[in-house]
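Undergrad: Chains as they are written, first to last, in the numbering used here: chain A, 1 to 65; chain B, 66 to 333.
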Amino acid sequence: MNQPMIVWCGVAGVLLSAFIFRAIEWYYTKCRHNGHKPRRMFEIGKERELFYIPGDIEDDDVEDM
Amino acid sequence: MTTLKTCKPENMYDNVHIRQAAAFLADYASLLSGCGATCIRIEKNTCRMADAFGLGSDISIMPTHVYISVWGKDATDTCVAVRKTAGSGISFNLNARLSRLSWEVADNHLDISTAVERFERIRKTKPTDKWEVLILTSLANASFCRLFGGDATAMLIVLASTLAGYRLKQIMLEDKRDVRLTFLCASFFSAVLSAGGHIFNISATPEIALGTSVLYLIPGVPYINSVSDILYRHYLCAFSRFADAVVLTACLSAGLCAGMLILGLEWF
Chain A
1 MNQPMIVWCG VAGVLLSAFI FRAIEWYYTK CRHNGHKPRR MFEIGKEREL
51 FYIPGDIEDD DVEDM
Chain B
66 MTTLKTCKPE NMYDNVHIRQ AAAFLADYAS LLSGCGATCI RIEKNTCRMA
116 DAFGLGSDIS IMPTHVYISV WGKDATDTCV AVRKTAGSGI SFNLNARLSR
166 LSWEVADNHL DISTAVERFE RIRKTKPTDK WEVLILTSLA NASFCRLFGG
216 DATAMLIVLA STLAGYRLKQ IMLEDKRDVR LTFLCASFFS AVLSAGGHIF
266 NISATPEIAL GTSVLYLIPG VPYINSVSDI LYRHYLCAFS RFADAVVLTA
316 CLSAGLCAGM LILGLEWF
């Protein structure tokens, strides 16, 4: 296999895995949670959502400052 | 000395009538603008209905808003309504049904409440099923490949790459991703997949498969509408639509070029 073939297979694999993850995500949403808020397998979140220390400034507090 | 203006019941009825008409016509123009109608169509349809209601009207169409002023017999009683352009997405079905409604109002002299009722029914029209659109778009793009001289294998390659690229576009738009990023990603993946003809030597016309694989992303409606708007001197809307279309075309070109670059294909 030459380089373009490897690159082609890699790109096709990335796309295929994206579709598979999407299908799994859809399955979780549809079958496990009866169509409520979808549970994402991967998600970009803020560190505040995981670690919160009392006294941290929240977004809502900024308006009051 | 101050003079108090007294409202007669007849005038009050006129005011309510004018306000209702202005709100309805503004909603109508907003939806028509959002579903991809040209400015001249929006202007004609709304004025046609205002005439049928026995009212005078004037409309100003901006790239993201519509302003409509409506007045009765006495031009001093004027109501202005402003609406943001509806984000319904381009839909010829909606466009045709809204145009038909304007003719029904004009020909059958429908009153405002009936027109509003029919308008709400049209507004609730479900968009075409996404799977149906996906399959038809892929078949249409494969047909484009044939039109440009591609062989059966090239058509199959284009069909598969369009299926994948368009599905990716649907997923990213469902997830509210930026439309420019969506176009870039969809064109990149479609281009790379369709380059399979070149890489695996499975088609006699691989360059046609590569060239036609991203045609489904060309924003044709904004381009055509911008020309129509220029002809009817709606320069602001024309420029806005043209700029939008050029940005999307640049994004899809960047995706195509990135795909060719990453696979080391010759450009000319």
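For glycine and all other residues, C-beta sits at the position ideal for the given N, C-alpha and C.
1. CA-CA distance, residue 199 of chain B and residue 244 of chain B?
2. In chain B, which residues lie less than 7 Å from residue 12 of chain A when you measure between Cβ atoms?
3. If you measure beta-carbon to beta-carbon, which residues of the stretch 114-142 of chain B are closer than 7 Å to chain A?
4. Can you grab the Cα-Cα spacing for the pair residue 157 of chain B / residue 193 of chain B, in whole Å?
5. Quick check on residue 213 of chain B - is its C-beta less than 9 Å from some C-beta in chain A?
6. In chain order, what residues of the same chain have a beta carbon less than 6 Å from the beta carbon of residue 96 of chain B, not counting five sequence neighbours either side?
7. If you measure between the beta carbons of residue 328 of chain B and residue 8 of chain A, is that distance less than 9 Å?
8. For residue 91 of chain B, is the classification buried or exposed, using 16 other Cβ atoms within 10 angstroms of its Cβ as the cut-off for buried?
9. Using a Cβ-Cβ cut-off of 9 Å, state whether residue 50 of chain A counts as contacting chain B.
10. Residue 143 of chain B by DSSP, collapsed to three states: which one?
11. Judging by CA-CA distance, which residue of B:107, B:260, B:81 is the nearest neighbour of residue 125 of chain B?
12. Would a check of beta-carbon distances place residue 229 of chain B closer than 9 Å to chain A?
13. Quick one: is residue 284 of chain B buried, meaning 16 or more other Cβ sit within 10 Å of its Cβ, or exposed?
14. Can you name the residues of chain B whose CB is closer than 7 Å to the CB of residue 54 of chain A?
15. In chain order, what residues of the same chain lie with their CB nearer than 6 Å to the CB of residue 287 of chain B, ignoring the 5 residues before and after it?
16. Is there a Cβ of chain A sitting closer than 9 Å to that of residue 248 of chain B, yes or no?
17. For residue 189 of chain B, which of B:162, B:175, B:173, B:104 has the nearest alpha-carbon?
18. Which residue comes first and which comes last in the beta strand (DSSP E) that contains residue 123 of chain B?
19. Under 9 Å between the Cβ atoms of residue 167 of chain B and residue 93 of chain B?
20. Along the chain, where does the alpha helix (DSSP H) that runs through residue 130 of chain B open and close?
21. For the candidate residues B:262, B:154, B:222, B:216, whose alpha-carbon lies nearest to that of residue 239 of chain B?
22. Measuring CB to CB, does residue 135 of chain B end up less than 9 Å from residue 143 of chain B?
23. Out of B:203, B:173, B:212, B:215, point me to the one whose CA is closest to residue 224 of chain B's CA.
24. Tell me the DSSP secondary structure of residue 188 of chain B in three-state form.
25. What is the DSSP secondary structure of residue 106 of chain B, counted as helix, strand or coil?
26. Rounded to whole angstroms, what's the CA-CA distance from residue 256 of chain B to residue 12 of chain A? Just pull it up for me.
27. Need the endpoints of the alpha helix (DSSP H) that residue 118 of chain B sits in, please.
28. Excluding the 5 residues flanking residue 253 of chain B on each side, which residues of the same chain have their C-beta closer than 7 Å to its C-beta?
29. Give every residue of the same chain whose Cβ lies closer than 6 Å to the Cβ of residue 314 of chain B, excluding the five residues on either side of it in the sequence, and list them in chain order.
30. Would you say residue 154 of chain B reaches chain A, if we count a Cβ-Cβ gap shorter than 9 Å as a contact?
31. What separation, rounded to the nearest whole angstrom, lies between the Cα atoms of residue 251 of chain B and residue 10 of chain A?
32. Chain B partners of residue 19 of chain A, CB-CB under 9 Å?
33. I need the straight-line Cα distance from residue 171 of chain B to residue 195 of chain B, nearest angstrom please.
34. Pick out whichever of B:295, B:176, B:249, B:227 has its Cα sitting closest to the Cα of residue 274 of chain B.
35. With a threshold of 8 Å on Cβ separation, who are the neighbours of residue 267 of chain B within its own chain once the five nearest residues in sequence on each side are excluded?
TA: So, from the data block:
1. 17 Å
2. 258
3. none
4. 10 Å
5. no
6. 151
7. yes
8. buried
9. no
10. strand
11. B:107
12. yes
13. buried
14. Going along chain B, no residue has its Cβ under 7 Å from residue 54 of chain A, so there is no contact; the nearest lies around 33 Å.
15. 306, 309, 310
16. no
17. B:162
18. 121-126
19. yes
20. That residue, residue 130 of chain B, is in no alpha helix (DSSP H); its beta strand (DSSP E) goes 130-136.
21. B:154
22. yes
23. B:203
24. helix
25. helix
26. 11 Å
27. Segment: none, residue 118 of chain B is in no alpha helix (DSSP H) and carries neither H nor E.
28. 320, 323, 324
29. none
30. no
31. 16 Å
32. 229, 232, 233, 236
33. 34 Å
34. B:227
35. 218, 222, 261
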